[in-house]
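Below you'll find the structure, written out as structure tokens, and then a few comments.
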Amino acid sequence: MKELIQVQQLFKSFGNGEKKVEVLKGIDLTFFEGERVAIVGASGAGKTTLLHILGTLDRPTAGKVLYGGRDIFTLNEKELAFFRNREIGFIFQFHHLLPEFNALENTMMPCLIQGISKKDATLRAEAILSLVGLKERLSHKPGELSGGEQQRVAVARALVLEPKVLLADEPTGNLDSRTGESIFVLLQELNRIKNVTLIVVTHNPNLAAQLPRQVLLTDGKAFG
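For the sequence shown, this note's numbering assigns the number 163 to the initial residue and increments by one for each residue that follows.
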């Protein structure tokens, strides 16, 4: 497989002086195109911190993150926002859908931010919503959808621009076990169909075990 993301000597700390907390302590990792990876570890181990840095939502204290050999943290905030919008899809435990917009409109948002025409954005959103099993629910607002359906909209929104990387932070954590399992199966199906690199933070050992690779975070270091 081709290397997609390289993490080199990544450090992240919060606070200063006596209140300084070192969360990540020199992490080296490589992620490959199209692979499926679970990031696991105890609560407070830095899993979400690592995911946010991989997603350019936060900057490291030191170290590099290379996408296709490009050091993305040399970009300014505007360039980084454009890169994030185009290359990375995010799914969170809480779906963060806009309640006043329906499923189609929520899914279109990344396209409109990118400057894609409303017509093309609509076509893209309809296609990906159909792929995640919501063809009949396009006009429904979040309040009219089940928790699993809302998370499927969030998945569709994350994939509508066909990013190379899909980052999921406890994507099933707010769902019952059966619905969560169906979402996890969906993510793996989309990984195969789209060849998107799937990186999932999860506390659930049963879900993590379904992925071919597990990265364990402990004491600020990464193994796996």
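Ideal placement from N, C-alpha and C gives every residue a C-beta, glycine not left out.
For the alpha helix (DSSP H) that residue i lies in, which residues bound it at each end?
i	result
residue 240	239 to 249
residue 173	First-last for residue 173: 165 to 176, but that is the beta strand (DSSP E), not the alpha helix (DSSP H).
residue 342	339 to 356
residue 370	367 to 370
residue 213	209 to 216
Within the same chain, show all residues whose beta-carbon is closer than 8 Å to that of residue i, passing over the 5 residues directly before and after it, in chain order.
i	result
residue 400	Absent from the structure is residue 400, since the part of the chain shown begins at 163 and ends at 386.
residue 183	175, 176 and 177
residue 190	169, 170, 171, 172 and 384
residue 345	310, 313, 314, 317, 333, 334 and 337
Determine the extent of the beta strand (DSSP E) in which residue i is found, giving its start and end residues.
i	result
residue 199	198 to 202
residue 359	359 to 363
residue 383	383 to 385
residue 328	327 to 331
With the cut-off set at 9 Å, would you say residue i and residue j are in Cβ contact?
i	j	result
residue 330	residue 355	no
residue 266	residue 237	no
residue 249	residue 164	no
residue 269	residue 243	no
residue 201	residue 377	yes
residue 353	residue 323	no
residue 246	residue 218	yes
residue 207	residue 379	yes
Identify, in the order they occur along the chain, each residue of the same chain with its Cβ nearer than 7 Å to the Cβ of residue i, setting aside the five sequence neighbours on each side.
i	result
residue 387	With the chain represented from 163 up to 386, any question about residue 387 goes unanswered, as that position is not in the structure.
In this structure, does DSSP put residue i in helix, strand or coil?
i	result
residue 310	helix
residue 189	strand
residue 232	strand
residue 375	strand
residue 179	helix
residue 316	helix
residue 298	helix
Using a Cβ-Cβ cut-off of 6 Å (strictly less than) and excluding sequence neighbours within five positions of residue i, which residues of its own chain qualify?
i	result
residue 254	331
* Where are the beta strand (DSSP E) runs, 3 residues long or more, that stay fully inside the segment 249 to 292, in chain order? -> Entirely contained in the segment 249 to 292, the beta strand (DSSP E) runs reaching 3 residues are, in chain order, 250 to 253.
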